[in-house]
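Engineer: Quick one: structure below, then a few questions.
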Amino acid sequence: MRRFAYCKVVLATSLVWVMLDMFILLYFSECNKCDDKKERGLPGRDDALTRPRDGPGEGGKPVVIPKENQEKMKEMFKINQFNLMASEMIALNRSLPDVRLEGCKNKLYPDNLPRTSVVIVFHNEAWSTLLRTVHSVIDRSPHTLLEEIVLVDDASERDFLKRPLEQYVRRLEVPVRVVRMEQRSGLIRARLKGASLSTGQVITFLDAHCECTTGWLEPLLARIKQDKRTVVCPIIDVISDDTFEYMAGSDMTYGGFNWKLNFRWYPVPQREMDRRKGDRTLPVRTPTMAGGLFSIDRDYFQEIGTYDAGMDIWGGENLEISFRIWQCGGTLEIVTCSHVGHVFRKATPYTFPGGTGQIINKNNRRLAEIRNVETNQCLDNMARKENEKVGIFNCHGMGGNQVFSYTANKEIRTDDLCLDVSKLNGPVMMLKCHHLKGNQLWEYDSVKLTLIHVNSNQCLDKASEEDSQVPSVRDCTHTRSQQWLLRNVTLPEVF
Ligand SMILES: [Mn+2]
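Take 38 as the starting number for the sequence shown in this note's numbering and just add one per residue.
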């Protein structure tokens with residue numbers, strides 16, 4: 038009996054010890070996690086905001102990585118397709134130069150400007166660039182004009198963008214919400230979700246690797262207050278993807294597009310300079326926007342039907358919404374007194390379920406490199422002009438002269454020229470597109486891989502023997518020389 042009592046005591050005490058052990062274990066494993074995060078370069082708020090005046094990247098200066106770290110730098114570059122090591126060295130609230138025109142610096146704006154929500158979509162963004170975007174908004178906007186910041190996570194996989202991000206932004210002096218997409222949805226649907234959950238009268242869309250400069254917000258909101266159908270973009274300055282140097286963008290270029298429906302910068306034409314009577318501090322009316330950064334009145338955004346929710350990833354949506362703004366009685370402007378920097382990357386780090394292929398089916402980016410199966414060469418416009426023959430050349434994978442678009446009208450187009458054949462077995466010429474089908478109508482068979490010239494009922498073939506650099510049409514023989522692969526071209530990222 039006594040022995041049994043002993044047993045009970047021993048059991049009870051060991052149970053207590055086991056529980057104590059477990060508690061200690063759990064406690065320390067939590068702490069290990071904290072240490073991990075520190076190693077991965079996740080700064081706590083205090084370290085991140087410590088900002089010696091001569092620290093790396095201060096004043097928008099370039100960051101130079103010492104020789105011994107170059108290898109590691111190159112490795113880290115691959116993660117986000119920009120110099121992550123440099124970015125992590127720079128304070129989250131670094132100082133930037135005031136790059137505005139002198140005439141902008143003392144402009145006065147009305148007190149009762151509409152308040153804005155800032156919507157930022159991110160996918161696997163680096164901590165440093167994302168938070169530098171957020172800090173630059175908070176530090177350089179009057180808080181009376183900031184309704185909130187909405188961070189929309191398009192299904193990121195990185196742990197630090199989960200709870201640590203939520204905990205971090207909770208301590209900021211402006212309300213910051215983190216909204217999660219349930220599955221990878223692409224920029225457009227994520228932006229739409231952010232917009233629908235936000236409440237400010239104005240919605241300002243920013244990219245996740247931006248830095249706003251002094252006085253960026255007021256001139257944008259002032260234009261919208263004057264006319265709510267005005268959609269406004271800042272001047273987009275360049276943050277170097279290599280050094281994170283801040284470089285002022287020009288107020289002398291505006292947005293346009295070419296016949297491949299690529300967004301392009303063009304010089305502001307004289308008529309627009311004249312309209313502003315030469316005052317470069319006045320907003321420029323721009324045909325199109327670059328896409329990533331703009332402010333729009335919430336009601337007007339609804340009125341024009343927001344974004345086309347069928348669009349994936351990015352690309353095309355900026356032109357689409359630009360056309361809609363102009364067609365719906367609105368005005369699209371670049372407000373030259375507002376400057377926001379953006380890290381322009383040379384390649385996209387993103388992947389998307391299903392890949393970025395499927396060129397024939399997608400309506401907005403049917404840009405292809407056309408590649409001959411037998412010779413493995415690509416159609417090339419050889420920088421030739423109208424009424425000249427199209428060329429064929431070794432594929433270089435750099436886009437440029439080897440990008441052709443197969444349009445909804447079944448034209449094969451390079452800029453505003455279309456591939457045209459006017460005689461049997463004839464050479465393939467580049468003529469102004471006439472939209473009448475006729476000699477410019479091509480049928481692509483994605484199973485047989487043939488490009489049939491409908492009028493002649495012949496197939497596009499490799500270069501003829503007479504002229505080794507000019508593709509021709511020949512009777513269809515289903516040989517490999519008449520098979521063409523259309524490969525999606527990944528253009529350098531605009532945003
Ligand atoms: Mn971007």
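Every residue gets a Cβ at the ideal spot worked out from N, C-alpha and C, and that includes glycine.
DSSP puts residue 482 in a beta bridge; with which residues?
Structural biologist: 487
Engineer: Which residue comes first and which comes last in the beta strand (DSSP E) that contains residue 450?
Structural biologist: Unbroken beta strand (DSSP E) run through residue 450: 449 to 451.
Engineer: For residue 291 and residue 371, which I take to be in contact (beta-carbon distance under 8 Å), what is that distance rounded to the nearest angstrom?
Structural biologist: 6 Å
Engineer: Which of the three DSSP states, helix, strand or coil, is assigned to residue 409?
Structural biologist: Of the three classes helix, strand and coil, the one that applies to residue 409 here is strand, per DSSP.
Engineer: Beta carbon of residue 269, beta carbon of residue 173: below 9 Å?
Structural biologist: no
Engineer: Would you check whether ligand 1 has a heavy atom nearer than 8 Å to the C-beta of residue 242?
Structural biologist: no
Engineer: Can we count residue 382 as close to ligand 1, meaning its CB is less than 8 Å from some heavy atom?
Structural biologist: yes
Engineer: Taking the alpha-carbon positions, what's the residue 440 to residue 195 distance?
Structural biologist: 35 Å
Engineer: When you compare the region 132 to 148 with the region 244 to 261, are there three or more beta-carbon pairs, one atom per stretch, that lie closer than 8 Å?
Structural biologist: yes
Engineer: As an exercise, report each continuous beta strand (DSSP E) stretch of at least 3 residues that is fully enclosed by the region 323 to 386, in chain order.
Structural biologist: 331 to 334, 368 to 380
Engineer: Per DSSP, what kind of secondary structure is residue 175 in: helix, strand or coil?
Structural biologist: helix
Engineer: Taking residue 264 as the reference, which of 311, 369, 356, 56 has the closest Cα?
Structural biologist: 369
Engineer: Helix, strand or coil for residue 500? Go by DSSP, reduced to three states.
Structural biologist: strand
Engineer: Please state if the CB of residue 407 and the CB of residue 524 are separated by a distance shorter than 9 Å.
Structural biologist: yes
Engineer: Assuming residue 431 is part of the beta strand (DSSP E), what are its boundary residues?
Structural biologist: 428 to 431
Engineer: Have a look at residue 377 and residue 449 and give me their C-alpha separation to the nearest angstrom.
Structural biologist: 38 Å
Engineer: Assign residue 146 to one of three DSSP states: helix, strand, or coil.
Structural biologist: coil
Engineer: Helix, strand or coil: which one does DSSP assign to residue 231?
Structural biologist: helix
Engineer: Helix, strand or coil: how does DSSP classify residue 155 here?
Structural biologist: strand
Engineer: Within a Cβ cutoff of 7 Å, which residues of the same chain sit near residue 203, ignoring the five residues on either side of it in sequence?
Structural biologist: 215
Engineer: Answer with buried or exposed for residue 226, where buried requires no fewer than 16 other C-beta atoms within 10 angstroms of its C-beta.
Structural biologist: buried
Engineer: From 288, 419, 238, pick the residue whose C-alpha is nearest to that of residue 452; which is it?
Structural biologist: Of the candidates 288, 419, 238, the one whose C-alpha sits nearest the C-alpha of residue 452 is 419.
Engineer: Suppose the cutoff is 7 Å on Cβ atoms and the five residues either side in sequence are ignored; what does the same chain contact list for residue 417 look like?
Structural biologist: Around residue 417: 428, 429, 430, 438, 439.
Engineer: Is residue 245 near ligand 1, in the sense that its beta carbon is under 8 Å from a heavy atom of that ligand?
Structural biologist: yes
Engineer: If you run the structure through DSSP and keep just helix, strand and coil, what is residue 302?
Structural biologist: strand
Engineer: By how many angstroms is the C-alpha of residue 409 removed from the C-alpha of residue 139?
Structural biologist: 55 Å
Engineer: If contacts are defined as beta-carbon pairs under 8 Å, then residue 158 and residue 278 qualify, I think. What distance do you get, rounded to the angstrom?
Structural biologist: Taking 8 Å as the upper bound for CB-CB distance, residue 158 and residue 278 are not in contact here, some 19 Å apart.
Engineer: Judging by CA-CA distance, which residue of 114, 506, 374, 414 is the nearest neighbour of residue 287?
Structural biologist: 374
Engineer: Hey, quick one: how far does the alpha helix (DSSP H) through residue 124 stretch, first residue to last?
Structural biologist: 121 to 126
Engineer: Rounded to a whole number of angstroms, what is the C-alpha to C-alpha distance between residue 124 and residue 246?
Structural biologist: Distance between the alpha carbons of residue 124 and residue 246: 10 Å.
Engineer: Straight-line CA distance for residue 446 to residue 317?
Structural biologist: If you take the alpha carbons of residue 446 and residue 317, they lie about 41 Å apart.
Engineer: For residue 294, list the residues DSSP reports as bridge partners.
Structural biologist: 300
Engineer: Smallest Cα separation from residue 515: which of 505, 498, 506, 508?
Structural biologist: Closest by alpha carbon: 498.
Engineer: Contact defined as beta carbons within less than 8 Å: I believe residue 355 pairs with residue 325. What is the distance between those atoms, to the nearest angstrom?
Structural biologist: 7 Å
Engineer: Could you name the residues of the same chain whose beta carbon sits closer than 8 Å to that of residue 510, not counting the 5 residues immediately before and after it, in chain order?
Structural biologist: 458, 461, 462, 463, 465, 490, 493, 495, 496, 497, 498
Engineer: What did DSSP end up calling residue 518 once you bin it into helix, strand or coil?
Structural biologist: Taken through DSSP and simplified to helix, strand or coil, residue 518 comes out as helix.
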